[in-house]
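The sequence shown begins at 957 in my numbering and counts up one residue at a time.
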Amino acid sequence: MLKKTCFALALVLIGSQAYAEAPDFKAYAVPVENVTLKGPLKGANDQVRQRMAWVKTKAQKPNFAGHYVLDSFGCGTGCMASALVDLRTGQVYRAPFHEPTHEEKSFRVDSRLVEFSKYNYYKPNSPEMMQVDGLALWDEDKKEFRILKQSKPYKMEM
């Protein structure tokens, strides 16, 4: 009985800690602009610009930080990357993470904050992967993400 009680208490504490750690998107609020990309994409590299070309062809509206489109893409074999496009200028920026943690809940159009996941090999020459989750803040002045916090790496279940 004592073991069950301790286990239940631990679950409650873990759950309340996770709730306290929820990202505060409102603390990094920005106004949302009604803007679509007019010019060509520039910056980053050819491959990243090609992966983000859909932003121009679909006249995409912002989905992140007021006037950006944030998106993740893969190479077809499981690798992931993320980038964002400034809809005002067409400038493409590479993100320092692989993808938002939960695509629909990890970032907002009216905030500069994003929850992310990064991946790496668990050991050299091993197919096993490890994951790091965290929070990043888009710095509008420096035009780069600043990592606010990261979890310890943990082994991904494949």
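We treat Cβ as the ideally placed atom computed from N, Cα and C, and that holds for glycine. Fair warning: this is a prediction, and the values are worked out from it, not measured in the lab.
Taking the beta strand (DSSP E) that residue i belongs to, which residues open and close that run?
i, result
"ASP1095", "1085 to 1095"
If you run the structure through DSSP and keep just helix, strand and coil, what is residue i?
i, result
"LYS1108", "coil"
"ALA1076", "As written in the sequence, residue 1076 is Asn, which differs from the Ala given in the question. Three-state result, ASN1076: strand."
"ALA976", "Note that ALA976 scores a pLDDT of 40, beneath 50, so its modelled location is shaky and nothing firm can be said."
"ARG1068", "coil"
"THR961", "Model confidence at THR961 stands at a pLDDT of 34, short of 50, so the residue's coordinates are unreliable; what they give is reported in the following sentence. THR961 falls in the helix class under three-state DSSP."
Measure from the alpha carbon of residue i to the alpha carbon of each residue in the options, then state which is nearest.
i, options, result
"GLU1084", "MET1112, VAL1004, GLY1022", "MET1112"
"LYS1079", "PHE1072, PHE1101, ALA1021, PRO1109", "PRO1109"
"VAL991", "VAL1088, SER1067, LYS1014, LEU1043", "LEU1043"
"GLN1047", "ARG1005, PRO979, GLN1106, LYS1098", "ARG1005"
"ASP980", "LEU1069, PRO996, PHE1101, ALA1000", "LEU1069"
"ALA983", "PHE1101, TYR1049, TYR1024, ASP1066", "ASP1066"
"PHE1029", "ALA1009, GLN1106, ASN1076", "ALA1009"
"HIS1058", "ALA985, GLU1071, PHE1101, LEU1040", "GLU1071"
"GLY995", "THR1013, ARG1007, ARG1050, TYR1049", "THR1013"
"PHE1053", "SER1038, SER1062, ARG1064", "SER1038"
"VAL1088", "ALA1051, ASP1027, GLN1106", "GLN1106"
"LEU993", "ALA985, LEU1104, ARG1007, GLN1016", "GLN1016"
"ALA1051", "ALA985, PRO987, ALA978, LEU1093", "LEU1093"
"VAL1041", "LYS1061, LEU1104, GLU1096, ALA985", "GLU1096"
In the DSSP assignment, what residue or residues form a beta bridge with residue i?
i, result
"GLU1100", "ASP1095"
(request) Any chance you could list the beta strand (DSSP E) runs of at least 3 consecutive residues sitting entirely within the stretch 982 to 1055, in chain order? (result) 1024 to 1030, 1036 to 1042, 1047 to 1050
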